[in-house]
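Reviewing the structure listed below.
As structure tokens, then:
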């Protein structure tokens with residue numbers, strides 16, 4: 003089996019025996035070697051169409067089925083597929099048309115998936131979110147198998163894990179707003195290193211989406227030093243809070259002593275600062 007390569011912003015879904023597991027940004031063994039671009043689709047204003055490109059970098063043909071599913075985010079940022087969206091969440095399944103629904107990509111080949119927004123005339127203002135799910139279809143000979151154990155009077159069951167990845171598809175309509183704040187800063191041990199934890203709070207009708215950067219400012223002065231980063235971090239509606247953990251990576255020659263950690267949460271591909279905060283180090 004070949005690895006499915008994921009880039010930041012993509013979530014992994016593992017299915018065994020028909021059960022949908024938690025989604026998380028990660029790499030895992032799967033069928034095919036898939037690269038997806040872009041990792042996020044936003045449709046709003048005059049932008050009513052988009053394309054997603056799938057590339058198979060593996061040495062075997064890869065088959066994927068494509069669908070739109072609802073996913074719920076917990077307070078730590080993990081995503082899981084749900085049959086019924088939570089209260090306050092609006093999904094985009096009925097608003098977005100896409101094709102094809104299944105792709106068979108040869109080694110080194112690419113496939114384009116086209117998305118078109120179809121908004122009804124009386125659509126209520128708000129943010130609508132679903133996730134495009136690329137579900138790996140295993141070869142026919144890799145399915146579940148139940149075999150009798152000769153001479154033992156028992157059976158052995160073979161379960162084939164089915165992998166898939168998702169990207170968010172977000173539709174915005176109307177005059178929407180957002181306000182983001184940070185609180186509850188703490189520096190805690192993380193094995194042999196340290197990490198910064200804090201709470202990211204979102205208010206308004208839009209999801210938050212940005213990059214986190216942590217800078218160390220020594221008490222004695224000097225240029226700030228970047229000691230932590232988390233890219234493409236989201237707080238999806240209807241969630242209002244998310245706990246964030248940032249591993250602190252201190253460059254050689256630098257010691258986290260007296261001073262301050264400054265935290266910035268900035269819009270991806272933009273200069274807008276969504277929120278900022280700081281914590282004093284003893």
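Numbering (the working numbering), first residue to last: 3 to 284.
Note that beta-carbon positions come from the ideal geometry of N, C-alpha and C, so glycine has one too.
Cα-Cα separation between residue i and residue j, rounded to whole angstroms
{"i": "residue 272", "j": "residue 45", "result": "17 angstroms"}
{"i": "residue 97", "j": "residue 110", "result": "32 angstroms"}
{"i": "residue 233", "j": "residue 122", "result": "34 angstroms"}
{"i": "residue 50", "j": "residue 182", "result": "27 angstroms"}
{"i": "residue 63", "j": "residue 35", "result": "9 angstroms"}
{"i": "residue 259", "j": "residue 252", "result": "11 angstroms"}
{"i": "residue 210", "j": "residue 235", "result": "8 angstroms"}
{"i": "residue 267", "j": "residue 188", "result": "16 angstroms"}
{"i": "residue 85", "j": "residue 254", "result": "49 angstroms"}
{"i": "residue 264", "j": "residue 80", "result": "25 angstroms"}
{"i": "residue 40", "j": "residue 168", "result": "11 angstroms"}
{"i": "residue 351", "j": "residue 184", "result": "With the chain covering 3 to 284 only, the question about residue 351 has no answer from this structure."}
{"i": "residue 73", "j": "residue 93", "result": "9 angstroms"}
{"i": "residue 274", "j": "residue 173", "result": "21 angstroms"}
{"i": "residue 99", "j": "residue 120", "result": "7 angstroms"}
{"i": "residue 224", "j": "residue 190", "result": "25 angstroms"}
{"i": "residue 43", "j": "residue 95", "result": "13 angstroms"}
{"i": "residue 281", "j": "residue 215", "result": "13 angstroms"}
Residues near residue i by beta carbon distance below 8 angstroms, same chain, minus five either side
{"i": "residue 186", "result": "199, 200, 201"}
{"i": "residue 112", "result": "55, 56, 57, 58"}
{"i": "residue 243", "result": "77, 201, 202, 203, 204, 237"}
{"i": "residue 69", "result": "103, 134, 135, 137"}
Close-in-space but distant-in-sequence residues of the same chain around residue i (CB under 6 angstroms, 5 per side omitted)
{"i": "residue 208", "result": "129, 178, 180"}
{"i": "residue 241", "result": "75"}
{"i": "residue 256", "result": "227"}
{"i": "residue 175", "result": "125, 127"}
{"i": "residue 114", "result": "53, 55"}
{"i": "residue 278", "result": "266"}
{"i": "residue 71", "result": "83, 133, 135"}
{"i": "residue 239", "result": "129, 209"}
{"i": "residue 20", "result": "Reliability fails at residue 20, whose pLDDT of 32 lies under 50, so the model's placement of it is uncertain and no value is given."}
Beta-carbon contacts of residue i that lie in its chain and below 7 angstroms, excluding the five residues immediately before and after
{"i": "residue 245", "result": "77, 78, 199, 201"}
{"i": "residue 261", "result": "218, 219, 220, 221, 283"}
{"i": "residue 192", "result": "249"}
{"i": "residue 247", "result": "197, 199"}
{"i": "residue 270", "result": "211, 212, 213, 234"}
Assigned secondary structure, residue i (DSSP; H/G/I helix, E/B strand, else coil)
{"i": "residue 279", "result": "strand"}
{"i": "residue 256", "result": "coil"}
{"i": "residue 225", "result": "coil"}
{"i": "residue 136", "result": "strand"}
{"i": "residue 191", "result": "strand"}
{"i": "residue 26", "result": "Residue confidence for residue 26 is low, a pLDDT of 31 falling below 50, so the modelled location carries little weight and cannot support an answer."}
{"i": "residue 170", "result": "strand"}
{"i": "residue 270", "result": "coil"}
{"i": "residue 57", "result": "strand"}
{"i": "residue 262", "result": "strand"}
{"i": "residue 50", "result": "coil"}
{"i": "residue 121", "result": "coil"}
{"i": "residue 42", "result": "coil"}
{"i": "residue 220", "result": "strand"}
{"i": "residue 186", "result": "strand"}
{"i": "residue 284", "result": "coil"}
{"i": "residue 203", "result": "strand"}
{"i": "residue 249", "result": "strand"}
{"i": "residue 239", "result": "coil"}
{"i": "residue 127", "result": "coil"}
{"i": "residue 103", "result": "coil"}
{"i": "residue 110", "result": "coil"}
{"i": "residue 212", "result": "strand"}
{"i": "residue 300", "result": "Given that the chain is displayed from residue 3 to residue 284, the structure contains no residue 300 and the question cannot be resolved."}
Any non-hydrogen atom of the ligand SAM within 6 angstroms of residue i CB
{"i": "residue 241", "result": "Of ligands this structure carries none, so the ligand SAM is not represented either."}
Exposed unless 16 or more other CB atoms sit within 10 angstroms - verdict on residue i
{"i": "residue 101", "result": "exposed"}
{"i": "residue 132", "result": "buried"}
{"i": "residue 195", "result": "exposed"}
{"i": "residue 47", "result": "exposed"}
Next item on the list: Could you tell me which uninterrupted beta strand (DSSP E) segments, each at least 3 residues in length, are contained entirely in the segment 62 to 97, listed from first to last along the chain?
Entry: 64 to 75, 81 to 84
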